[in-house]
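Enquirer:
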Amino acid sequence: MESNEPTARFSVVVPCYNEEAVVDHLVEVLTAVLPQVDESFEVLLVDDGSSDGTLAALRRINEADPRFRYFALSRNFGKEAAMLAGLSQARGDAVAIIDADLQHPPTLLTEMVPLLEQGFDQVVARRTRTGDAPVRTAFSRLYYKMFNRLVDVTLQDGEGDFRVLTRRAVRALLAVGEYNRFSKGLFSWIGFDTAVVDYENVARAGGETKWSMRSLLNYGIDGVVSFNSRPLRLAIWFGTFISVIAFLYAFWVLGDAIINGNDAAGYVTTICTVVGFGGVQMILLGVIGEYLGRIYLESKKRPHFLLKESSDGPSATPVAVL
Ligand code: UDP
Ligand code: MG
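In terms of the UniProt record's numbering, the sequence shown is residues 1 to 322.
(1) Would M213 pass as a contact of D161 if the rule is Cβ separation under 8 Å?
(2) Determine, using beta carbons only, whether N180 comes closer than 8 Å to chain B.
(3) Counting only runs that start and end within the segment 88-134, where is the beta strand (DSSP E) found for 3 or more residues in a row?
(4) Do L73 and V46 come within 8 Å of each other at the CB atom, strictly closer than that value?
(5) Check whether the segment 276-295 and the segment 215-230 touch, using three or more Cβ-Cβ pairs below 8 Å as the test.
(6) Rounded to whole angstroms, what is the Cα-Cα separation between R302 and Y179?
(7) Just mark M146 as buried or exposed, buried being the case when its beta carbon has 16 or more other beta carbons within 10 Å.
(8) Taking the CB atoms as reference points, tell me whether V27 and I61 lie closer together than 8 Å.
(9) Taking 6 Å as the limit, name every residue whose beta carbon sits nearer than that to some heavy atom of ligand 2, in sequence order.
(10) Taking the alpha-carbon positions, what's the F192 to R127 distance?
(11) Does D99 pass the burial test, meaning 16 or more other C-beta atoms within 10 Å, or should it be called exposed?
(12) Check whether the segment 266-285 touches the segment 13-27, counting contact only when three or more Cβ pairs, one atom from each stretch, lie closer than 8 Å.
(13) Tell me which residues share the same chain as P105 and place their Cβ nearer than 7 Å to its Cβ, disregarding the 5 neighbours each side in the sequence.
(14) Can you list the beta strand (DSSP E) stretches of 3 or more residues lying completely in the segment 147-190, in chain order?
(15) Hey, would you say the C-beta of K79 is under 7 Å away from at least one heavy atom of ligand 1?
(16) Taking only the alpha-carbon atoms, compute the straight-line gap between S183 and V113 and give it to the nearest angstrom.
(17) Cβ atoms of A195 and L102: under 8 Å apart, would you say?
(18) Report whether the distance from the Cβ of D48 to the nearest heavy atom of ligand 1 is below 7 Å.
(19) Go ahead and pull the three-state DSSP assignment for Y17.
(20) Taking a contact to mean a Cβ-Cβ separation below 8 Å, would you say F10 touches D38 in this structure?
(21) Give me the residue from R181, A175, N260, V95 with the minimum Cα distance to G78.
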């Protein structure tokens, strides 16, 4: 390893996807703040297959200050994979994860890291939702309510990936080898004592968000099906409920025909029933398919990410975790 500082007590992992507009500013802020947290720090900038000049910027940053290491994934693998890549390469006894866009204020680290000494293994920053669009806030509230009912791990609104972990917690996360990683849930799943620090929501320092409403919805579904099979159980109950109603209705129509001689059961009801049941079956098949698809992906055992380049040189280029 060529790095001037092969060990560090404190590591900061930053996933970067098309963040050319903000990385320089980020590095400036981190250079000012991190020495206050720990003199012996390193930053791991993970380029998640950016299509802009992010990688070139990271090379330049590393050249100027080797405490900023960089890793470039071979393509865009998603934030989960980028975080995993950073965690797997971090050397610190404590590891923080922050966003590149400065929406996770690095100064908060000076408050968060000392809490580890009080015996906590995770310190989470909780964002108060002040700047978000009201629709998005309402949706995410509703989502967390539903999620916590459906799934065994609990999630808190506003608690995201901005957190500090002890080496022990990092090791636990790296040991979870599943391909579909829903970090929010995994952080909760590994357990350990967790402290919470609140912070005000801040707008992006530059560039733009990578999340559309649609990707958020998909992310939400991922979260639910990643953690247990309760939706399948719900599907059974739902199916039973619909069938019971259908049977009752059939008996009623039959009785009506026998007793009252009223045999003209409507054309409309027939069509409605056929279409309705078709819809219900599609939904239920979709639920089953979700799980089946996951089993397929997991069973292929593909690596979570591939590295194409790193500041550690080719000798330190592992293909993936596990
Ligand atoms: N990110 C990433 N890969 C992706 C999408 C996002 O590494 O495919 C990074 C991005 O560079 C940023 C963080 O994940 O550091 C959060 O992304 P963003 O700010 O777009 O999300 P938001 O803050 O809007 O939830
Ligand atoms: Mg952001």
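Note that beta-carbon positions come from the ideal geometry of N, C-alpha and C, so glycine has one too.
Expert: Inspection of the coordinates gives the following:
(1) As a first step, residue 213 is located in the sequence shown; it is residue number 213 there, counting from the start. As a first step, residue 161 is located in the sequence shown; it is residue number 161 there, counting from the start. Pairing M213 with D161 gives a Cβ-Cβ distance that is not under 8 Å.
(2) Within the model displayed, chain B is absent; a lone protein chain is all it includes.
(3) Taken in chain order, the whole beta strand (DSSP E) runs of length 3 or more contained in the segment 88-134 are 94-97, 122-128.
(4) By 1-based counting over the sequence shown, the position of residue 46 is 46. By 1-based counting over the sequence shown, the position of residue 73 is 73. In this structure, V46 lies near L73, with their beta-carbon atoms less than 8 Å apart.
(5) Yes: the two stretches touch, three or more of their Cβ pairs being nearer than 8 Å.
(6) Position 302 of the sequence shown, counted from the first residue, corresponds to residue 302. Position 179 of the sequence shown, counted from the first residue, corresponds to residue 179. Cα atoms of R302 and Y179: separation of roughly 8 Å, rounded to the nearest angstrom.
(7) Looking up residue 146 in the sequence shown gives position 146. Exposed: under 16 other Cβ atoms inside 10 Å.
(8) To locate residue 27, count along the sequence shown from 1; it is residue 27. To locate residue 61, count along the sequence shown from 1; it is residue 61. In this structure, I61 lies closer than 8 Å to V27 by Cβ.
(9) Listed by position along the chain, the residues with Cβ atoms less than 6 Å from a non-hydrogen atom of ligand 2 are D99, D101, Q103, R204, T209.
(10) Taking the first residue of the sequence shown as position 1, residue 192 is located at position 192. Taking the first residue of the sequence shown as position 1, residue 127 is located at position 127. So the alpha carbons of these two residues sit roughly 21 Å apart.
(11) Working through the sequence shown from its first residue, we reach residue 99 at position 99. Flag for D99 reads buried.
(12) With contact defined as three or more Cβ pairs closer than 8 Å, the segment 266-285 and the segment 13-27 are not in contact.
(13) The residue labelled residue 105 in the question sits at position 105 within the sequence shown. Within the same chain, P105 has close Cβ partners Y199, V202.
(14) Every unbroken stretch of the beta strand (DSSP E) spanning 3 or more residues and falling wholly within the segment 147-190 is given here in chain order: 159-166.
(15) Against the sequence shown, residue 79 aligns to sequence position 79. Yes, the Cβ of K79 comes within 7 Å of a heavy atom of ligand 1.
(16) Residue mapping note: residue 183 aligns to position 183 of the sequence shown, counting from 1. Residue mapping note: residue 113 aligns to position 113 of the sequence shown, counting from 1. So the alpha carbons of these two residues sit roughly 20 Å apart.
(17) Stepping through the sequence shown from its first residue, residue 102 is reached at position 102. Stepping through the sequence shown from its first residue, residue 195 is reached at position 195. Not closer than 8 Å, so no.
(18) In the sequence shown, counting from the first residue as 1, residue 48 sits at position 48. It does: the Cβ of D48 is within 7 Å (strictly closer) of some heavy atom of ligand 1.
(19) Taking the first residue of the sequence shown as position 1, residue 17 is located at position 17. Y17 sits in coil when the DSSP states are folded into three classes, being neither helix nor strand.
(20) In the sequence shown, the residue the question calls residue 10 occupies position 10. In the sequence shown, the residue the question calls residue 38 occupies position 38. Contact: yes.
(21) Residue numbering aside, residue 78 sits at position 78 when the sequence shown is read from its first letter. Selected option, being the one with the closest Cα: R181.
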